[in-house]
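S.K.:
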Amino acid sequence: MSTDNWITTVANLRQAGKPCVMVTVVEEKGSTPRNSGSKMVVTANRSFDSIGGGHLEHKAIKIARQMLAEGVGETRFERFSLGASLGQCCGGATSLLFEPVGQAPLHIALFGAGHVARALVPILASLPCRVRWIDSRDGEFPSQIPEGVDKVVTEFPVDEIDDMPAGSYYIVMTHNHQLDQELTERILRRDDFGYYGLIGSRTKRAKFEHRLRAKGFSDAVIDKMVCPLGLPMVKGKLPAEIAVSVAGEVIARYNANFGEQAESGDSSERKTKKANTNPIHQVA
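Residue numbering for the sequence shown follows my numbering, starting at 49 and increasing by one per position.
Rendered as structure tokens:
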């Protein structure tokens, strides 16, 4: 693929709002189908140009489409031996770089601008996500808001839930338990979220569960609420410790669907560890 061709292809896909993965031959040893610099662009249902065809290309397309399906945002580097394991007889070796292009960011709505939230937001801002940071108290926000974070000051924070796209993550840590309850009910009624974490103790969860059942919420829906939130192995209660724990849980959740990946060298399959979806971290 010439430089003009792949640039045009990627530009057209971006304009159409279609994410893709660009696959580039970055290293070659011995006899290989294509030289370094050869590129292929892969979408969920199409591929453009070629890195040599055969099983190598089939494997590369499979990896690229898996990355698209899982929403992977980072580049990936894989080495392949072009021998019997790939059904090819070139006898050489090649390395491929997989670069996601145009992946939609994860959307996170964070309610509350207290001390834990102020420690959490800079961490979330460093992740591949877009954060809406919502509170009614303008004075609780720091003077500097990180890039990628939208500060929202509103007297009606519950209404912000309706504007979030499907699959969004919600984190509720406000100063008001009644507001937490209202936010919880609105989030659970949507029932299209990727994650919902509520700060609080087991006692708080029990009270919320009782109220939610009284209002007709099923146990199946209530069980989707993560409270207490955070990684269970992080026991500290300092704001920074809680923030790291919550951020770790968010990362584990959006990485939870990672499946089979190609192993370096011989391209054998390996499993990634599934995220813990029932955290028990104690948060006050």
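Note that the Cβ used here is the ideal one computed from N, Cα and C, for glycine as well.
1. Using the Cα positions of Y243 and E76, report the straight-line distance between them to the nearest angstrom.
2. For T202 versus I182, is the C-beta distance shorter than 8 Å?
3. On a CA-only basis, which of A161, S216, Q151 and D207 is nearest I193? Give me that one, please.
4. What do you get for I235, buried or exposed, if any count of 16 or more other CB atoms within 10 angstroms of its CB means buried?
5. Which whole runs of the beta strand (DSSP E) in the region 97-149 are 3 residues long or more, in chain order?
6. Using DSSP with H/G/I as helix, E/B as strand and the rest coil, what is L175?
7. Using 8 Å as the threshold, is the C-beta distance between V149 and P287 below it?
8. Pull up the distance between the alpha-carbon of G85 and that of L116, whole angstroms please.
9. Would you please state the rounded distance, in angstroms, between the beta carbons of A59 and V90? I believe it to be under 8 Å.
10. Can you name the residues that DSSP bridges to A157?
11. What does DSSP give as the partner residues of Y243 in its beta bridges?
12. For S95, which residues does DSSP report across the bridge?
13. Using CA coordinates, which residue listed in D97, N93 and T232 is at the minimum distance from T57?
14. Nearest to I247 by CA position, among M88, V282 and H225, is which residue?
15. Between which two residues does the beta strand (DSSP E) harbouring K255 extend?
16. Between which two residues does the beta strand (DSSP E) carrying T334 extend?
17. Kindly indicate the opening and closing residues of the alpha helix (DSSP H) around V206.
18. Between A291 and the rest of its own chain, which residues show a CB-CB distance below 7 Å, the 5 nearest in sequence each way excluded?
19. To the nearest angstrom, how far is it from the Cα of V200 to the Cα of E297?
20. I need the DSSP call for V74, collapsed to helix, strand or coil.
21. Three-state secondary structure (DSSP) at V201?
22. Return helix, strand or coil for V282, following the three-state DSSP convention.
23. Take G121 as the anchor and find which of E233, C177, A262 and D207 has the nearest alpha-carbon.
24. Going by C-alpha distance, which of Q151, E257, Y302 and R180 is nearest P205?
M.R.: Quick answer:
1. Here residue 243 corresponds to residue number 195 of the sequence shown, with the count starting at 1. Here residue 76 corresponds to residue number 28 of the sequence shown, with the count starting at 1. C-alpha separation (whole angstroms): 42 Å.
2. Counting from 1 along the sequence shown, the entry for residue 202 is found at position 154. Counting from 1 along the sequence shown, the entry for residue 182 is found at position 134. Going by C-beta atoms, T202 is nearer than 8 Å to I182.
3. As a working note, residue 193 is residue 145 in the sequence shown. Of the candidates A161, S216, Q151 and D207, the one whose C-alpha sits nearest the C-alpha of I193 is A161.
4. Here the question's residue 235 lines up with position 187 in the sequence shown. Its Cβ being crowded by 16 or more others within 10 Å, I235 is buried.
5. 124-129 and 141-149
6. Counted from its first residue, the sequence shown places residue 175 at position 127. If DSSP states are grouped into helix, strand and coil, L175 belongs with coil.
7. Reading the sequence shown from its first residue, position 101 is the one you call residue 149. Reading the sequence shown from its first residue, position 239 is the one you call residue 287. Contact flag unset, no.
8. As a working note, residue 85 is residue 37 in the sequence shown. As a working note, residue 116 is residue 68 in the sequence shown. Using only the alpha carbons, I get a separation of about 22 Å.
9. Stepping through the sequence shown from its first residue, residue 59 is reached at position 11. Stepping through the sequence shown from its first residue, residue 90 is reached at position 42. Not quite, the Cβ-Cβ distance comes to about 16 Å (not below 8 Å), so this is no contact.
10. Translated into the one-based positions of the sequence shown, residue 157 becomes position 109. Its beta-bridge partners are R180 and Y218.
11. Taking the sequence shown and counting its residues from 1, the one referred to as residue 243 is at position 195. Answer is Y217.
12. Taking the first residue of the sequence shown as 1, we reach residue 95 at position 47. For S95, which the question treats as bridged, DSSP gives the partners V90.
13. By 1-based counting over the sequence shown, the position of residue 57 is 9. Looking at the Cα atoms, D97 is the closest of the given residues.
14. Counted from its first residue, the sequence shown places residue 247 at position 199. Measuring from the Cα of I247, the nearest candidate turns out to be H225.
15. Start at 1 with the first residue of the sequence shown, and residue 255 comes out as number 207. That residue, K255, is in no beta strand (DSSP E); its alpha helix (DSSP H) goes R250 to A262.
16. The structure shown does not extend to residue 334, since the chain is modelled only from 49 to 332, so the question has no answer here.
17. One-based indexing of the sequence shown puts residue 206 at position 158. Looking at the DSSP string, V206 is not in any alpha helix (DSSP H), and its letter there is neither H nor E.
18. Position 243 of the sequence shown holds residue 291. Hits under 7 Å: V164, A167, L168 and I171.
19. Position 152 of the sequence shown, counting from 1, holds the residue named residue 200. Position 249 of the sequence shown, counting from 1, holds the residue named residue 297. The straight-line gap from Cα to Cα measures roughly 24 Å.
20. Within the sequence shown, residue 74 is the residue found at index 26, counting from 1. In the structure shown, V74 sits in a strand (DSSP, three-state: E or B).
21. In the sequence shown, residue 201 corresponds to position 153, counting from 1. Strand, per DSSP.
22. Mapped onto the sequence shown, residue 282 falls at position 234. Three-state DSSP puts V282 in coil, outside helix and strand.
23. On the sequence shown, residue 121 is found 73 positions in, with the first residue counted as 1. G121 has its Cα closest to that of C177, out of E233, C177, A262 and D207.
24. As a position in the sequence shown, residue 205 is number 157, starting the count at 1. Among Q151, E257, Y302 and R180, the Cα nearest to that of P205 belongs to R180.
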